[in-house]
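Please read the structure below before turning to the comments.
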Amino acid sequence: MPKVKIDGVELEVPAGITVLQACELAGLEIPRFCYHDRLSIAGNCRMCLVEVKPGPPKPQASCALPVADKQEIFTQTPTVQKARKGVMEFLLINHPLDCPICDQGGECDLQDQAMAYGFDRSRYHENKRAVPDKELGPLVKTSMNRCIHCTRCIRFATEVAGVEQLGATGRGESMEVTTYVEQALATELSGNLVDLCPVGALTSKPYAFEARSWELTKTESVDVLDALGSNIRIDTRGAQVMRVLPRLNDDVNEEWISDKTRHAIDGLRHQRLDRPYVRKGNKLVEATWDEAFGAIAAKLNGMEGSKIAAIAGDQCDAESMIALKDLLTALGSPNIDCRQDGAKLDGPRGSYIFNPGVRGIDQADAILLVGTNPRAESPVLNARIRKRYVHGNVAIASIGPAEDLTYPVVRLGAGPATLRDLVDGKLDFAQKLQGAKHPLIIVGMGALSREDGAAVLAMARELAEKLNAVREDWNGFAVLHTAAARVGGLDLGLVPGEGGRDVAGILEGCQKKEIEAVFLLAADEIDTTKLGKAFVIYQGHHGDAGAHRADVILPGAAYTEKPGIYVNTEGRVQVGRRAGYPPGDAREDWAILRALSERLGKTLPYDTLHQVRSRLVAVNKVFAAIDQQAPAAWGPFGKAGATTDVPFKSAVANFYMTCPISRASKIMADCMASRSHLMAAE
Amino acid sequence: MAMITADPKDVPQVAHFSFTPEYMAKVEEQIAHYPPGRQASAVIAVLDLAQRQHGWLPRAAMNEVARILDMAPIRVYEVATFYTMFQLRPKGKYLLQVCTTTPCWLRGSDAVMKACQHAADGELFSVQEVECLGGCVNAPVVQINDDFYEDLDEASMNKVLDAFRRGETPKPGPQVDRQTSAPEGGLTTLKGE
Ligand code: SF4
Ligand code: FES
Ligand code: FES
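If you read the sequences in order, they're chains P and R. Taking the UniProt record's numbering, the leading residue of the first sequence gets 1, the next gets one more, and so forth. Taking the UniProt record's numbering, the leading residue of the second sequence gets 1, the next gets one more, and so forth.
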């Protein structure tokens, strides 16, 4: 390892890193604009100048300079200071200095660094240049006069998002960052451009002029709009969620989040259930909690357990799911299910999680996608696969929908028959998988939530075992979920008990009048027309499909309004925190169930959040290991059997609208319109 | 205030562009200069061919170049807008690139420029002010399409333009009596054995 001396302090640093990174290891902050950990090095802003010995007698860009043994690095000399001041002065020549009307104000790298290196007046008496703003779609607002040409946005679009649409045209004073041909960015990750832009050239359109960063309360939480469980920071002002930003977590989302995670939050303001309702005749009328509970008790008291059923939704926290399950058990009902889409998953833990973890993608050398379109199902995870592709030496193939995933994919076929061929070693790709050290098989809900899902699952397992993809040091069997609540639900056993019914069975029972009461815990993705004449209790936060059909509505909290545990597709247990209170009379979900249980005479044995969480750990000890991803049990699962030749479809037809929150979001509707406009233009 | 517009919206767009078989052969030859998979390296040459065929570079031509070289269109736009040799607007048959950098200016490029501007009609002649063309020793210099016309003044410039008007191609190089950059009126030194 090279030894360097930074400002007189000796330090041993890993070989191959840059001088800037070495300075960071030494605890020094080097100012920068263009350098970004996750993007290629551009070295074009010159803000990171340092002096290096041995080397030419001039300051050098530390971000693009590799460390060498016996190097001496000086970061604070008068030359360095003066050089950086010079760079800053040049950067500000054409910058409009309009901080008071700029949304980046308060969290702007240029503003911060101008405090350290800026000059208090301008020596430039010419006119500043004026650059036309660009149209980049419904999420990214541009103010291109402010652009300092760091090219971070261009590199992000090209490298991470995989949409080569942004570039720098012209040169010298005429250089412009642009798409040239006016068009929205065809990516689900465009919001990240706003975070990356070190100045206020790219800002958030929906958040334009809404708030200043210092007025916001920041809460660290996790996202539930897809199953990745991206780590987020929720910024609120009063009760209102103003924006969602990514939090750094290299194991999960690095520092990216999808546009849905970031911008569906306006859906939290619309169509909210803020008080209980009870159906009287054909109409849902406002009620008190007491009346609502009374109506439920009147119906359920004395009803046989086998006639009661419950379905848990896709965004439920673990606390409410365990309360639901405990309540149903107390009522004597085995009819409970958390798999609204009918996914045939109930085996050992290894059968339903993304075993290798998101980090495993970095290691994989052959990737097979089965019945999934990761770009729609989890754009950030898709970007991770793309990152693996960019790194090189990986073969990627898919069985299922043919979509542009932003990296080349060999499409082997459309349905189960192709998977069978692969298992039998009939396709060329079988050799590739066979030869791979770390084969990765990603199975999507599109392959599992169908009639023959169990048989497909069995085939996927057979393939994994045949490839020796499941062993001590590697488990390449990966299930990509679409529902944030699903793994948690399966971990807690929200599947039919002895003789119990699954979702299809429950709906069938409703029609045959064998099921008389159904509890929907924020479950909106089922066909509510099939609920027949059953008495429907809907507990949730949005007036979506479930609430419309309900006989009693219990207003719950959305993910930003309650502390809650979620288990992501990798099986990582993560804690979401409350960023604000639910509207009106709405309450935290587990507490509603606890209160209801008392009214039904089956009081659940927990009174505090802490007690519920102890109960979670008692049911499944994975809940004790927060933020961890541990190797999961493997064993036989799936059910060998006949498959149909119906092609696999992605479980997510429309990325922008997948849940009650995103369906209520106007911004997501705008994104959809802009995207279909783009598709039509192509 | 200088307004920058890389995508001139007032430029007529062309619906379709494709290389003629002759030009396509040249394109293929250019691509063949680079190893397989590195075809994008030929972008400047191929853009130049497109410009030679069409006279200027409409967006349709840039898109076609992107398609042939398997590049994202924006990467081609970047190159085409970077180099001033690429014309993104329709040009007259002869493009008069008048050098006005110091040496040419000192030697009277203002008068040459005046003559050119007078002639510019957008059909036969277009004018463009350019920086040093690298022929300072024969200043003032005007590049007309692929050729340099040197040692100009207003009168000789007009003569050159008139010749073009008549459909002739005047002889490129110095418009005074000298051979390339040798002394005017013949050798002055090194005359002996
Ligand atoms: S728009 Fe922002 S990120 Fe893009 S080059 Fe300009 S300053 Fe950098
Ligand atoms: S950070 Fe080093 S040149 Fe921009
Ligand atoms: S200054 Fe005109 S050619 Fe050099």
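Built from N, CA and C at the ideal position, the CB exists for glycine as well.
Look at residue 283/P here: in three-state DSSP terms it is strand. Taking a Cβ-Cβ threshold of 9 Å, the residues of chain R close to residue 164/P are 71, 72, 73, 74 and 75, in chain order. Per DSSP, reduced to three states, the secondary structure at residue 349/P is helical.
In this structure, residue 177/P places its C-beta atom within 9 Å of the C-beta atom of residue 167/P. Going by beta carbons, residue 632/P and residue 348/P fall inside the 9 Å limit.
Here residue 21/P is buried, its C-beta having at least 16 other C-beta atoms within 10 Å. The C-beta separation of residue 309/P from residue 449/P comes to about 19 Å, leaving the pair out of contact by the 8 Å criterion. With 16 or more other Cβ atoms from the protein chains shown falling within 10 Å of its own Cβ, residue 156/P counts as buried. Two segments are said to touch when three or more pairs of C-beta atoms, one from each, lie closer than 8 Å; by this definition the segment 417-434 of chain P does not touch the segment 662-678 of chain P.
Using beta-carbon distances, residue 17/R does not count as an interface residue toward chain P, since no partner is under 9 Å.
Under DSSP, the beta-bridge partners assigned to residue 167/P are 178/P. Interface residue (Cβ-Cβ distance to chain R less than 9 Å): residue 181/P is classified as such. The segment 84-94 of chain P and the segment 105-116 of chain P touch, with no fewer than 3 CB-CB distances between them shorter than 8 Å. Cβ atoms of residue 176/R and residue 146/R stay farther apart than 8 Å, at about 21 Å. At least one heavy atom of ligand 1 lies less than 8 Å from the C-beta of residue 201/P. At least one heavy atom of ligand 3 lies closer than 8 Å to the C-beta of residue 139/R.
Residues lining ligand 2 by the Cβ criterion, that is a Cβ closer than 7 Å to any of its heavy atoms, are 20/P, 32/P, 33/P, 34/P, 35/P, 42/P, 43/P, 44/P, 45/P, 46/P, 47/P, 48/P, 61/P, 62/P, 63/P, 64/P and 150/P in chain order. Listed along the chain, the chain R residues whose CB falls inside 8 Å of the CB of residue 171/P are 81 and 82. Of the heavy atoms belonging to ligand 1, none sits nearer than 8 Å to the Cβ of residue 93/P. Rounded to the nearest whole angstrom, the CA to CA distance from residue 552/P to residue 292/P is 6 Å. In the DSSP assignment, residue 104/R falls within the unbroken alpha helix (DSSP H) covering 102-106. Residue nearest to residue 30/P within the set 163/P, 396/P and 80/P is 80/P (criterion: CA-CA distance). In terms of side-chain proximity, the C-beta atom of residue 406/P is found no nearer than 8 Å to any non-hydrogen atom of ligand 3. With respect to chain P, the C-beta atom of residue 78/R has a partner C-beta closer than 9 Å.
The DSSP assignment places 94-99 as complete runs of the beta strand (DSSP E) inside the segment 30-107 of chain R, in order along the chain (cut-off: 3 residues). Around residue 168/P, the beta-carbon contacts reaching into chain R at under 8 Å are 78. Residue 471/P sits in a strand when the DSSP states are folded into three classes. The Cβ-Cβ distance between residue 440/P and residue 476/P falls below 9 Å. Under the 10 Å beta carbon count, residue 502/P is surrounded by 16 or more other beta carbons and is classified as buried. Between ligand 3 and the CB of residue 191/P, the shortest heavy atom gap is not smaller than 8 Å.
Here residue 101/P carries a helix assignment [DSSP, helix/strand/coil].
Counting only runs of 4 or more residues that sit fully inside the segment 101-173 of chain P, the alpha helix (DSSP H) segments are 109-117 and 152-155, in chain order. Between residue 59/R and chain P, the shortest Cβ-Cβ separation is below 9 Å. A buried status is given to residue 104/P, since no fewer than 16 other beta-carbon atoms sit within 10 Å of its beta-carbon.
With distances taken between CA atoms, residue 242/P lies nearest to 211/P out of 653/P, 211/P, 296/P and 189/P. A Cβ-Cβ distance of about 13 Å is found for the pair residue 13/P and residue 62/P, leaving them out of contact under the 8 Å criterion.
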